[in-house]
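Numbering (UniProt numbering), first residue to last: 1 to 119.
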């Protein structure tokens, strides 16, 4: 029950929910998510670390970059909640805009641009 409450609390934060919905669309790099949401890469990394800790996302190293994707939870209650989250919000304006932005984002461009702006 404690972990389920933690998942609810974590995904109750708007930016983490937006990240979840983006990753539902396709795997993405931190820089892509940061560009779409208008957040710093550090902030996005922090949110992703929290989601990874709870077993909601996984990461895969690709050279020096890390790509994040959704992970299928093993606990039945969390699995049911994640399934519910995947089904809602498809008509939310923010989610629609985020997904459209993600389609336009080119990782090689935004990653380089964000890295030079933030360091």
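Glycine is no exception: its CB is placed at the ideal position from the N, C-alpha and C atoms.
| said: I'd like the list of long-range same chain contacts for residue 65, defined as Cβ closer than 6 Å, with 5 residues on each side in sequence excluded. | reply: 29
| Assuming residue 55 and residue 73 make a contact with CB atoms under 8 Å, what is their CB distance in whole Å? | 6 Å
| Tell me, which residues are paired with residue 59 by DSSP? | 68
| Between the C-alpha atoms of residue 100 and residue 35, what's the straight-line distance to the nearest angstrom? | 12 Å
| field | Separation of residue 76 from residue 10, as counted between CA atoms | value | 18 Å
| field | Other residues of its chain near residue 15: CB distance less than 7 Å, five sequence neighbours each side excluded | value | 37, 39, 47
| residue 120 to residue 94 span [Cα, whole Å] | Shown here, the chain extends from 1 to 119; a query on residue 120 therefore has no answer.
| task | Indicate the three-state DSSP secondary structure (helix, strand or coil) for residue 1 in the structure shown. | result | coil
| Are residue 69 and residue 8 touching if we call contact CB-CB under 8 Å? | no
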